[in-house]
Amino acid sequence: MIGNYPLHLMILVLLWGYIYTSWSLMGRLGLVSFGHGAFMGIGAYTVVMLWNHFGWSPWAGALAALAFAAAVAILIGYPCFRFRIVGHYFALVTLALSEVARLVIVALRDQTGGSLGATPNSALHGGATAAPGALQFSDKQVWFWIVLAFWLAGLWVWRAVDRSMARLALQAISEEEEAAASIGIHVARAKLRITLISALMTCAGGVLYAQYQLYVNPDTVCGIGISLQMVFGAIAGGMFVMLGPTVGAAFTLLLAEGLRLAFGNRYPALDSTLYGAMLVLFIIYMPKGILGAALEALRARTARPIAPRKSSGMPSA
Amino acid sequence: MEVFDIFLLEAILNGLLLGGLLALLSLGLNLIFGVIDVVWICYAELIMCGMYAVYYLHVQYHWPLLAAMAAAVVIVAVLGVILHQFVIRPVLGAEPINQLLVTGGVLFFLQAAATLAFGIEFRNLGVTLPSIRLGEMSFSAARLVAFCVALAGMLGMYLFLSRSYLGTAIRAISQDRAIMPLMGVSPARIFVLASALGGALAGLGACLLVLQYDVHPAIGLSFGPITFLICVMGGLGSMAGGFIAAFVFAQFISVGGFLFHLEWGYVLAFAFFIAMMFWRPQGILGRR
Amino acid sequence: MQMLSLTKVCAGYSGFQALFEVSVEVEAGEAVAVIGPNGAGKTTLLRVISKLIGATSGEIRMEGASLARVPAHEVVSRGIAHVPENRRLFPRLTVEENLRMGAFPRAARKRYGERLEFVYGLFPRLEERRGQPAGTLSGGEQQMCAIGRALMSGPKLLLLDEPSAGLAPVVVQAIFDLVRRICAQGYTVLIVEQNIRQVLKVVGRAYLLEAGRIRLAGNSREFLDSQEIRKTYLGL
Numbered sequence: 034m035i036g037n038y039p040l041h042l043m044i045l046v047l048l049w050g051y052i053y054t055s056w057s058l059m060g061r062l063g064l065v066s067f068g069h070g071a072f073m074g075i076g077a078y079t080v081v082m083l084w085n086h087f088g089w090s091p092w093a094g095a096l097a098a099l100a101f102a103a104a105v106a107i108l109i110g111y112p113c114f115r116f117r118i119v120g121h122y123f124a125l126v127t128l129a130l131s132e133v134a135r136l137v138i139v140a141l142r143d144q145t146g147g148s149l150g151a152t153p154n155s156a157l158h159g160g161a162t163a164a165p166g167a168l169q170f171s172d173k174q175v176w177f178w179i180v181l182a183f184w185l186a187g188l189w190v191w192r193a194v195d196r197s198m199a200r201l202a203l204q205a206i207s208e209e210e211e212a213a214a215s216i217g218i219h220v221a222r223a224k225l226r227i228t229l230i231s232a233l234m235t236c237a238g239g240v241l242y243a244q245y246q247l248y249v250n251p252d253t254v255c256g257i258g259i260s261l262q263m264v265f266g267a268i269a270g271g272m273f274v275m276l277g278p279t280v281g282a283a284f285t286l287l288l289a290e291g292l293r294l295a296f297g298n299r300y301p302a303l304d305s306t307l308y309g310a311m312l313v314l315f316i317i318y319m320p321k322g323i324l325g326a327a328l329e330a331l332r333a334r335t336a337r338p339i340a341p342r343k344s345s346g347m348p349s350a
Numbered sequence: 007m008e009v010f011d012i013f014l015l016e017a018i019l020n021g022l023l024l025g026g027l028l029a030l031l032s033l034g035l036n037l038i039f040g041v042i043d044v045v046w047i048c049y050a051e052l053i054m055c056g057m058y059a060v061y062y063l064h065v066q067y068h069w070p071l072l073a074a075m076a077a078a079v080v081i082v083a084v085l086g087v088i089l090h091q092f093v094i095r096p097v098l099g100a101e102p103i104n105q106l107l108v109t110g111g112v113l114f115f116l117q118a119a120a121t122l123a124f125g126i127e128f129r130n131l132g133v134t135l136p137s138i139r140l141g142e143m144s145f146s147a148a149r150l151v152a153f154c155v156a157l158a159g160m161l162g163m164y165l166f167l168s169r170s171y172l173g174t175a176i177r178a179i180s181q182d183r184a185i186m187p188l189m190g191v192s193p194a195r196i197f198v199l200a201s202a203l204g205g206a207l208a209g210l211g212a213c214l215l216v217l218q219y220d221v222h223p224a225i226g227l228s229f230g231p232i233t234f235l236i237c238v239m240g241g242l243g244s245m246a247g248g249f250i251a252a253f254v255f256a257q258f259i260s261v262g263g264f265l266f267h268l269e270w271g272y273v274l275a276f277a278f279f280i281a282m283m284f285w286r287p288q289g290i291l292g293r294r
Numbered sequence: 004m005q006m007l008s009l010t011k012v013c014a015g016y017s018g019f020q021a022l023f024e025v026s027v028e029v030e031a032g033e034a035v036a037v038i039g040p041n042g043a044g045k046t047t048l049l050r051v052i053s054k055l056i057g058a059t060s061g062e063i064r065m066e067g068a069s070l071a072r073v074p075a076h077e078v079v080s081r082g083i084a085h086v087p088e089n090r091r092l093f094p095r096l097t098v099e100e101n102l103r104m105g106a107f108p109r110a111a112r113k114r115y116g117e118r119l120e121f122v123y124g125l126f127p128r129l130e131e132r133r134g135q136p137a138g139t140l141s142g143g144e145q146q147m148c149a150i151g152r153a154l155m156s157g158p159k160l161l162l163l164d165e166p167s168a169g170l171a172p173v174v175v176q177a178i179f180d181l182v183r184r185i186c187a188q189g190y191t192v193l194i195v196e197q198n199i200r201q202v203l204k205v206v207g208r209a210y211l212l213e214a215g216r217i218r219l220a221g222n223s224r225e226f227l228d229s230q231e232i233r234k235t236y237l238g239l
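Chains as they are written, first to last, in this note's numbering: chain A, 34 to 350; chain B, 7 to 294; chain C, 4 to 239.
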C-alpha cells in the first residue's frame, strides 16, 4: 500500500500537471495567458459557493462553473482575437482578468469569506469516507484515480489538438498573421476554440482542486500569483512537449517538498526563491524547458529557430 | 442630485492625488518599454525593494528620512541596471514572450526572496504626517506630498527628455533603433541609461508609497497590475498616454471605491480597462 | 591625401555574401559615385564603411587609420557621416531635434550653434519648418533634413545613399544641386546612386558595382562616353 503522503504528492503532481497542460494548449501557440487563474478560480469557487449556499451538488456546480468559464473565455477571447490583441497586450489583458476575478472574490467577502478563504461543508457524516454525490472522498486512493483519469484526458486532448488542422493553422497564425489570414483561415475562430478548450479544462482543474483540498482561497486558486505559477510550471517542464507541463509540475512540487524536508519551516520561502531564480535561468538558457531540452539533446535536432527581435532594419541595395 | 456631495468631491480630489502617483509609476514602465521594447513585469517588485530600502535605512539604521529616500532611489536605479544587464540582455534577441516571462520570473524571485529576507510582516515606516482639512474634507498630507513630488519628478523627466541630448536620444531610439550608431549613439548604452532611469523612477515611487502604505513582500501585487493596465490603456510606450490613463484609472478607483465598497472600485477600473481594450486596442495615445 | 580607402573588402549577411573583394578609394575633397543596378550591393558598401555591418575580410582605412576595431557608434567621431537609404529621420522628433541628434557627439555639441546656422543657411526651408515633426515633411524636405543632420556632426566624409530615391524629378534636380554645393564647400562625398545620368554630372569619378563586384572605374567623362554604360544603363 502506498502511504498517504506519497499518494498526496502524486495526486498534486497529476492535478497540477493536468492544469499546466491545459494552459500550454494555448501557450505553445503563442497565446500566452497570464490570466488562467481566473478560470481555476471560477471552477473552485463556483462549486464551493453553490454547495455551501444553495446545496447544489458539485456535479451540478461543476456544470455551472464550466458554463461560466466558457462565457468568460468567449467574452474576453472573441474581442481579443477579433481586434488582434496579441503579445504583450494579450498577456496584460489576461492579467487584468485574473486580478478582476480575484478582486471580485475578495469583494464578495460576505459570501466567499474573502481573503480568509472558504471550505465546502462536509458531506462525510458519521465516519463515512465517500460521498460521491458531494464529490468528497477522504480516501486518497479514490482521488488518485480521478485525477489520473483527468490527467490522461488532458494528454489526449493535447494529442487531438496537436494533430488537427487547427494546430497547423494556428502555428502559421502565431508566426505570420498576415499570411495566414490571406489563405482564408478564420484566425479568430481557431484561436477562440483553443482558448475555450483550455479554459474549460482549467476550470475543471479548479473544481477538482477545491474538492480535493477542501479549502479555497482567492490567492491559491486565483489571481496573478497562481496564473504565473501555471505559466512557469509549463515553461519549466517544456510547453512544446506533451509531457513537459507534467514534468514541470513534478519538478516544482518535488523541489518544494525537498526543501521543506531539508530545512523544515525555518526558511518559508526558500523553495519559491530558488524556483524563481531557476525560472529566470530556464528562460535564458533553456527556453524549451527541462523535457524539451532533454529531448532535443537526445535527438540532436537543430534548435527551433528563434527569429531575431530586430534585425538592423535597413534594406539592402 | 439635490445637494452637492462634499464627500464625492473629496473622493474625486483623492483620485487626483492618487492619479499623480500612478502616473509617476507608469512613467518608468513606459520609458523602459519605449526605449528597450520590454515590459518589466517585475516593476512593482522593484518598487517593493525600494520601499524596504527606505524602511531599513530609516528605521533600522536610523538614517535621516530624506537620506534614506535618496539612497533608495539610487539602489533601485542600480537594481534596474542589474536587471537589464543580466536578465534582459540575454533574451533581447529572443521572442517577446520570453522577455515577458523572464521578468515574470524575476517577480516571483523578488517576492520570494523578500519573504525569505524580511518575513511576511507588514512594516510601517513610523512616519505620521498630519491630515489637512479643507472644509469638511480631509486629505492625508502624505498623499499631497506624494502628488507634488510625483509631479515634480515627471516635470523633471519631461525637461530631461525634451531638452538634453541624452533625453532626445532616448526619444529617438524608440523611433528608429537601427540608425542610432550613425548618430554616434550606442544603443546598448542608452538601454543601460533607460534602465537606470526607470529604476530611479521606481525608487522615487517607492519613497512616495512607503509614506502611505506598510511594506510587505506581496505589496507589489497591489499596484503592479494597475500600473501595467494604465500603461497599456494609455498606449504602451506613450508617456503622455500613461499620464492621462493614470488619472482616469485613479478616478475609477477612488470614486468607485467611494460609491461602492473599496474593492469594487478596483473591479470597476479593471472592467473599464477591458472595455477600453476592445474599443481602442492600441491605447489612448498608442501607435502600434 | 587619401581620405577613404577600401581594399578587397568582402561583406554579407547571414547566408549570403554581398560584396566580393571591393576596392574603392576617395581622395580628400573629391566627390565620387558608386553606381549600379538594384541589388548590386551599394547600400551594403556604405554600411560596411560606417560599420553598421562588419566586413568579413579586407581593409577599410579612414585617413590612413584602420576602422577595423572602431565600433559603429564611434565612426561619426572619426569624421564619417552616413545619410542612410530612405532618409531614416526620426519621424516624431521635430526638424530641429533631428538636427540636434546629428550633433550628438561631444565634439559636435560644442559647435552646435554655428553648425545649425550653417545648415539653415543651406536649407532655408528647413528653418521655416524647424518645429514640425520630421515625419510631416515632404520627401525632398526630408532628404534635406537628413543631409543636414549628417552635416551637424561636422564630418570630413559624407556618405549619401541614393539621395534621389523616391523623389519627383524637380526635387531630384534640387537635391543634386545641393550635393554640388556641398562638394563645392570642400566636403569629401561618396554617393551611391541609381540615377546615373544626374549623379555623373555632379561627381568627378565613379565606380560601377555589379553583383557585389567593381566592374568599372574611371572619371565621369569616361563613364558617360562608355558604350557599355550608355547601352545598359542610359538606354542609349
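Don't be surprised by glycine CBs; every beta carbon is placed ideally from N, CA and C.
Quantities reported herein were computed from a predicted structural model and do not represent experimental measurements.
Quick one: what's got a C-beta closer than 8 Å to residue i's C-beta in the same chain, skipping five residues either side?
i, result
"L135/B", "S146, A147, A148, V151 and L217"
"F229/B", "L28, L31, A50, I53 and L215"
"S144/B", "E16, S137 and I138"
Within a Cβ cutoff of 7 Å, which residues of the same chain sit near residue i, ignoring the five residues on either side of it in sequence?
i, result
"C13/C", "Q20, L22, F23, E24, A58, T59, S60 and G61"
"L47/B", "The sequence as given places Ile at residue 47/B; Leu does not occur at that position. Excluding residues within five positions, the ones whose Cβ falls inside 7 Å are L106, T109, G110 and L113."
"P87/C", "D164"
"Q262/A", "none"
"G18/C", "none"
For chain B, find out if any of its Cβ atoms is closer than 7 Å to the Cβ of residue i; answer yes or no.
i, result
"P112/A", "yes"
"M274/C", "Not covered by the structure: residue 274/C. The range shown for chain C is 4 to 239."
"S305/A", "yes"
"F72/A", "no"
"L261/A", "yes"
"R184/C", "no"
"H69/A", "no"
Would you report the Cα separation of residue i and residue j, rounded to the nearest angstrom?
i, j, result
"G132/B", "N89/C", "59 Å"
"A232/A", "L170/C", "54 Å"
"T127/A", "H69/A", "8 Å"
"S197/A", "T235/A", "21 Å"
"V35/C", "L312/A", "55 Å"
"P348/A", "R50/C", "Note that P348/A scores a pLDDT of 37, beneath 50, so its modelled location is shaky; the value from the coordinates is reported in the next line. Cα-Cα distance, rounded: 11 Å."
"A123/B", "L48/A", "31 Å"
"L83/A", "G76/A", "11 Å"
Please classify residue i as buried or exposed, where buried requires at least 16 neighbouring CB atoms within 10 angstroms.
i, result
"G217/A", "Residue placement at G217/A is poorly supported in this model, since its pLDDT is 43, which falls under 50; the coordinates are not used for a value here."
"E144/C", "buried"
"L162/C", "buried"
"A118/B", "buried"
"K11/C", "exposed"
"L265/B", "exposed"
"S55/A", "buried"
"F296/A", "exposed"
"L70/C", "buried"
"W176/A", "buried"
Determine, for residue i, whether the minimum Cβ-Cβ distance to residues of chain A falls below 7 Å.
i, result
"M282/B", "no"
"Y272/B", "yes"
"F128/B", "no"
"I103/B", "yes"
Is residue i close to chain C, meaning its C-beta is less than 7 Å from at least one C-beta of that chain?
i, result
"Y164/B", "no"
If you measure from the CB of residue i, is any heavy atom of the ligand ATP nearer than 6 Å?
i, result
"G309/A", "Of the ligands one can find in the structure shown there are none, so the ligand ATP has no counterpart to examine."
Which same chain residues end up closer than 6 Å to residue i when comparing Cβ atoms and leaving out the 5 residues on each side of it in sequence?
i, result
"E382/B", "With chain B covering 7 to 294 only, the question about residue 382/B has no answer from this structure."
"G224/C", "The residue you asked about is not Gly; residue 224/C is Arg in the sequence shown. There are no such residues."
"G271/B", "I259, G262 and G263"
"F305/B", "This structure does not reach residue 305/B, given that chain B is present from 7 up to 294, and the question cannot be answered."
- Message: Please give the ranges of any alpha helix (DSSP H) in the segment 135–213 of chain B, keeping only runs that are unbroken, at least 4 residues long and fully inside the region.
- Response: 147–169 and 171–179
- Let me know the alpha helix (DSSP H) ranges lying completely inside the segment 66–135 of chain A, each 4 residues or longer, listed in chain order. 69–87 and 91–115
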